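In our numbering, the protein residues as written are 9 to 266.
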Ligand code: GLP
């Protein structure tokens, strides 16, 4: 695992966007695994800038990590009110770049048969040739995507109840602002599994801000455990790059950045 420590959020975002852009230049048909949350937002903004400067994303295909279950995500509705990850991705990234709509895959939180949808999502990843680069943040419970504590490290795309800490964090960041009551936010999600993520050819994990300090240290230096599913990075056999800002890296004891 290569760990890079940058001065701040902006520097992390720039470095991450450059890594993704380098992959796309080398392999224009790259399959990107994408993440939501406040952490990768800056990376998307930087990628949009790189696109405006000429980076072509028209042959890229994407698979998002997760989506709330039971949430509106109809692409044709223009994402007016909803808090879906589909809307987040559209507003913050897809509508600004030239990835064709039919190259974009996001779990459908309104699928009629969510179990079958999860199975098909795994198949679609395989049909696309697997994920070349999976972008990841880390939640305060130590999760990747919505792989809450207790998720098996070989888990696949599935329905997952959300941990209380995750509900609190995501309520404060996204739902409260929209005037949605806490009880009305989705309590379940569709998430790629830890095993799905570990099959990606490379991982680009980001951690920023003091609120992530302790969990980043547990994930990268603590025991590999389903208690902190991002600790699976320690058993990952592909190419892993972790980019942290100084605040998030400040509890690391043994890892020396490259
Ligand atoms: C959610 C997402 C995760 C993300 C996490 C952290 O739970 N499912 O993929 O890593 O939030 O979000 P943030 O970057 O806003 O701290």
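For each residue, glycine too, the CB sits at the ideal point set by N, CA and C. All figures in this text were calculated on a predicted structure; none of them were measured in a lab.
Taking the Cα of residue 72 as reference, the smallest distance to any Cα among 31, 203, 252 and 43 is reached at 43. Residues of the same chain with a CB within less than 6 Å of the CB of residue 195, apart from the 5 flanking positions on each side, are 170 in chain order. Sequence-distant Cβ neighbours of residue 37 in its own chain, meaning closer than 6 Å and more than five residues away, are 67. Contiguous beta strand (DSSP E) elements confined to the region 132-176 occur at 141-144 and 166-169, taking only those with 3 or more residues.
About 5 Å separates the Cβ atoms of residue 152 and residue 144, confirming a contact at the 8 Å cut-off. Between residue 165 and residue 200, the CB-CB gap stays under 8 Å. The three-state secondary structure of residue 113, taken from DSSP, is strand. Nearest in C-alpha terms to residue 158, of all of 192, 105, 240 and 102, is 240. Relative to the ligand GLP, the nearest heavy atom lies less than 7 Å away from the CB of residue 46.
Ranking 46, 168, 92 and 110 by CA distance to the CA of residue 193 puts 92 first. Excluding five sequence positions before and after residue 106, the CB atoms of its chain that fall closer than 8 Å to its own CB belong to 59, 64, 65 and 66, given in chain order. Assignment of beta-bridge partners to residue 199 by DSSP yields 74 and 166. Burial check for residue 245: the Cβ neighbour count within 10 Å stays below 16, so the residue is exposed.
By the C-beta density criterion, residue 187 is exposed, having fewer than 16 other C-beta atoms within 10 angstroms. Between the ligand GLP and the CB of residue 178, the shortest heavy atom gap is smaller than 7 Å. Setting aside the 5 residues that flank it on each side, residue 221 is surrounded in the same chain by 255, 256, 258 and 259, each with a C-beta closer than 7 Å to its C-beta; the list follows chain order.
Each of 94, 136, 53 and 99 was checked against the Cα of residue 116, and the nearest Cα belongs to 94.
No heavy atom of the ligand GLP is found nearer than 7 Å to the CB of residue 64.
In its chain, beyond the 5 residues on either side, 157, 158, 159, 160 and 161 have a beta carbon closer than 7 Å to the beta carbon of residue 234. Here the alpha carbon of residue 99 sits roughly 21 Å from the alpha carbon of residue 32. Only residues of its own chain outside the window of five on either side were considered, and among them 70 and 102 have a CB closer than 7 Å to the CB of residue 112, listed in chain order. Per the coordinates, the alpha-carbon of residue 263 lies some 18 Å from the alpha-carbon of residue 211. Between the alpha carbons of residue 204 and residue 41 lies a gap of roughly 11 Å.
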